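Everything below concerns the one structure shown next.
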Amino acid sequence: MYYKRRRYVCSCGKRFSEKTSFIERDQRFSKEWHQAIQMLCVKSPTFKSVAEKMGTASSTVIRRFDQVAEQQLVSGVTLPKAIAIEEYKGDTDAGKYQLIIVSSFRWSYSHGLLEWRTHKNVFKRNVCEFT
Numbered sequence: 001m002y003y004k005r006r007r008y009v010c011s012c013g014k015r016f017s018e019k020t021s022f023i024e025r026d027q028r029f030s031k032e033w034h035q036a037i038q039m040l041c042v043k044s045p046t047f048k049s050v051a052e053k054m055g056t057a058s059s060t061v062i063r064r065f066d067q068v069a070e071q072q073l074v075s076g077v078t079l080p081k082a083i084a085i086e087e088y089k090g091d092t093d094a095g096k097y098q099l100i101i102v103s104s105f106r107w108s109y110s111h112g113l114l115e116w117r118t119h120k121n122v123f124k125r126n127v128c129e130f131t
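Residue numbers for the sequence shown follow full-length UniProt numbering, so the first one is 1 and each next one is one higher.
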């Protein structure tokens, strides 16, 4: 909901806006509107479709999505600066294609051999550890 906040003038000349429980400070849209945007961001295929549906700009939708993503990110998990991904056709019972993810700076297998479709760890082995 778009809400144009009322502004008042004090007898001393200062101006202030009314306090409301359903709109954050310096915002024009309600808290429920922001929650609806955040839920639609996760479920909808594109930011543009959410923006058209809610009547706002796609950049606003992206900012709201970034807020949700920041809350959901797990702290303490860091990825290497560069990784090498090798996909090859294998001959195991795990599947037709396998995937190896390697930290390219340390030259070590970080996830071992993964099955392509289910991302299931087939085996884990550190081959060469050059640090």
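Ideal Cβ placement from N, Cα and C applies to all residues, glycine included. Just so it is clear, the structure is predicted and the values come from calculations on it, not from any experiment.
Provide the residue(s) that pair with residue i in DSSP beta bridges, ordered along the chain.
i           : result
Leu-79      : In the DSSP output, where bridge partners are listed per residue, Leu-79 has none listed.
Lys-89      : Tyr-97
Ala-51      : In DSSP, Ala-51 forms no bridge with anything.
Val-68      : DSSP output for Val-68 lists no bridge partner at all.
residue 134 : The first residue shown for the chain is 1 and the last is 131, placing residue 134 beyond what the model contains.
Quick check on residue i: buried or exposed, where buried means 16 or more other Cβ atoms within 10 Å of its Cβ?
i       : result
Cys-10  : exposed
Ala-69  : exposed
Glu-129 : Residue placement at Glu-129 cannot be trusted, given a pLDDT of 45 that sits under 50; what the coordinates show is reported in the next sentence. With fewer than 16 other Cβ atoms within 10 Å, it is exposed.
Phe-29  : buried
Which same chain residues, not among the five before or five after residue i, have their C-beta less than 8 Å away from its C-beta?
i      : result
Met-54 : Trp-33, Ala-36, Ile-37, Leu-40, Val-61
Gln-67 : Gln-38
Excluding five sequence neighbours on each side, which residues of the same chain lie with their C-beta closer than 6 Å to the C-beta of residue i?
i      : result
Ser-49 : none
Gly-90 : Gln-98
Ile-85 : Ile-101
Tell whether a beta-carbon distance below 8 Å holds between residue i and residue j.
i      : j      : result
Ser-58 : Phe-47 : yes
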